[in-house]
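Working notes, beginning with the structure itself.
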Amino acid sequence: MSARFELHGIFVSGPTYKVGLMLSLAGEPFDYTHLNLMEGEHKQPPYLAKQRYGQVPLLVDRANGRHLCQSAAILEYLADTLGKFGGASLDERLQAREWLYWDFDRLAAPLYRARVIKIGIRPAPPEVLEDCQNAAKTALKVLDSHLAGRDWLVGEGATIADIDIYGVVAFSSAAGIDLADFPQIVAWTKRVEALPGFQPAEALLPKTSREAA
Ligand SMILES: N[C@@H](CCC(=O)N[C@@H](CS)C(=O)NCC(=O)O)C(=O)O
């Protein structure tokens with residue numbers, strides 16, 4: 011029998027990793043479909059019919075035929091449908107959502123831009139790289155301060171806020187940012203990595219398609 015979920019993505023994609031990580035932490039096996047972004051597979055009509063933005067990730071829920079886009083919205087969907095990592099109360103749920111918005115507003119974009127410049131996908135002058143790294147570090151400082159004296163971003167356990175933001179922070183070093191300057195974040199990443207079902211990006215997102223084990 012095939013797995014309930016099918017994740018479409020590419021191994022370099024932080025947003026794809028977030029969704030793979032959520033599924034793995036929730037104990038949900040998933041089929042993985044590798045998309046060749048270099049060849050523009052994500053802009054072809056068959057894919058656009060399922061993912062209107064022409065991006066990865068795309069999550070297919072075979073239990074009901076839903077095609078889900080936008081990693082943060084997918085995390086909320088999975089929290090709702092699987093009953094995991096959604097927060098223990100309405101207040102926690104709302105706070106987790108705040109962090110998802112904050113991530114996209116302040117952290118994910120500059121860190122992603124620094125990473126693609128650094129690894130040579132989108133060449134840019136050194137001052138542009140520095141601007142992106144500085145913006146990401148400003149956001150990381152906010153995160154580091156928030157984590158002082160607490161184990162998780164919201165409440166007493168891991169939520170989709172932790173999963174979402176871990177999926178960005180995990181690529182800091184590839185963006186040329188040293189997390190040693192953010193000790194609370196380093197301690198928190200270790201807590202995330204100790205969760206049952208945790209797997210790093212390279213284990214969850216192979217370079218070719220793969221069926222659930
Ligand atoms: N806000 C979206 C961002 C997705 C995104 O930026 N995906 C990138 C790969 S990491 C992509 O598909 N890029 C190709 C494109 O935009 O054409 C999400 O969180 O799902």
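Numbering-wise, the sequence shown is residues 11 to 223 according to my numbering.
Glycine residues also receive a C-beta, built at the ideal position from the N, C-alpha and C atoms.
Identity of the residues DSSP links to residue i by a beta bridge
i	result
Val70	Glu16, His77
Thr43	His18
Arg107	Bridge partners of Arg107: none, in fact.
Arg220	Tyr42
Residue closest to residue i, alpha-carbon to alpha-carbon, out of the options
i	options	result
Gln61	Pro39, Ala73, Ile84	Ile84
Leu47	Thr169, His77, Glu140, Leu58	Leu58
Val196	Arg220, Ala118, Leu214, Ile175	Ile175
Pro206	Leu121, Ala222, Ser34, Ser219	Ser34
Phe192	Phe95, Ala149, Pro55	Ala149
Ala146	Pro25, Arg14, Gly75, Trp112	Trp112
Asp101	Gly165, Ala222, Gly30	Gly165
Leu92	Leu104, Glu38, Leu45, His77	Glu38
Phe95	Trp198, Ala222, Trp162	Trp162
Ser182	Glu108, Tyr87, Arg201, Ile129	Ile129
Pro120	Tyr27, His77, Leu31, Ala184	Ala184
Ala13	Gly64, Val70, Ile170	Val70
Gly186	Pro216, Ile127, Phe21, Asp115	Ile127
Ala36	Thr169, Leu104, Gln194	Thr169
Trp198	Ser219, Lys217, Ser155	Ser155
Thr218	Val22, Ala73, Val29	Val22
Gly177	Leu45, Phe114, His77	Phe114
Cβ neighbour criterion (16 or more within 10 Å) applied to residue i
i	result
Gly19	buried
Tyr42	buried
Val66	buried
Ser99	exposed
Ala158	exposed
Glu203	exposed
Val152	exposed
Glu86	buried
Lys53	exposed
is_contact[residue i, chain C] using C-beta, thresh 9 Å
i	result
Leu104	This model lacks chain C altogether, as it is built from one protein chain only.
query = Who's in the neighbourhood of ligand 1, going by beta-carbon under 5 Å from any heavy atom, listed in chain order?
reply = Ser23, Pro25, Gln65, Val66, Gln80, Ser81
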